[in-house]
Amino acid sequence: MAKWLTERRLSQVATRLKSLRGELAVIDEQLLQFTDDADELSLRALMSETPMAAHESNEARKHLAAMRKHRAHILAEIDELEQSQDRLLDQLTG
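Numbering-wise (our numbering), the sequence shown opens with residue 1 and increments by one.
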């Protein structure tokens with residue numbers, strides 16, 4: 001592979017990694033808030049024992065689970081890009 005092409009791909013990977021790491025930071029902040037909200041709504045549901053409170057608690061838990069799944073997806077993509085970056089760096093230096 002031509003050196004310029006490897007350098008171009010390496011630059012694209014680095015840009016994407018930076019973007020994903022920024023997104024991960026936002027997700028981590030949101031997860032803290034979602035966790036707090038879900039815990040609070042769960043406690044309210046236990047105390048009030050109303051169908052509405054139980055529904056709100058379930059919805060909050062679903063949002064929390066979805067955010068955790070999204071975070072796992074972002075982490076997997078970061079890992080994949082880091083491996084790609086390592087391969088490109090090996091090609092560049094090898």
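Beta carbons: idealized from backbone N, C-alpha and C, even for Gly.
Rounded separation between residue i and residue j - CA only
i, j, result
"L20", "I74", "7 Å"
"L81", "T15", "10 Å"
"F34", "S84", "32 Å"
"E56", "V26", "24 Å"
"D79", "S48", "44 Å"
"H63", "K69", "10 Å"
"A53", "V13", "45 Å"
"N58", "K18", "34 Å"
Under 8 Å between C-beta atoms of residue i and residue j
i, j, result
"L118", "K3", "Any property of residue 118 remains undetermined from this structure, which presents the chain solely from 1 to 94."
"A60", "A38", "yes"
Outcome for residue i when other beta-carbon atoms lying within 10 angstroms are tallied against a minimum of 16
i, result
"L32", "exposed"
"L43", "exposed"
"L5", "exposed"
"L41", "buried"
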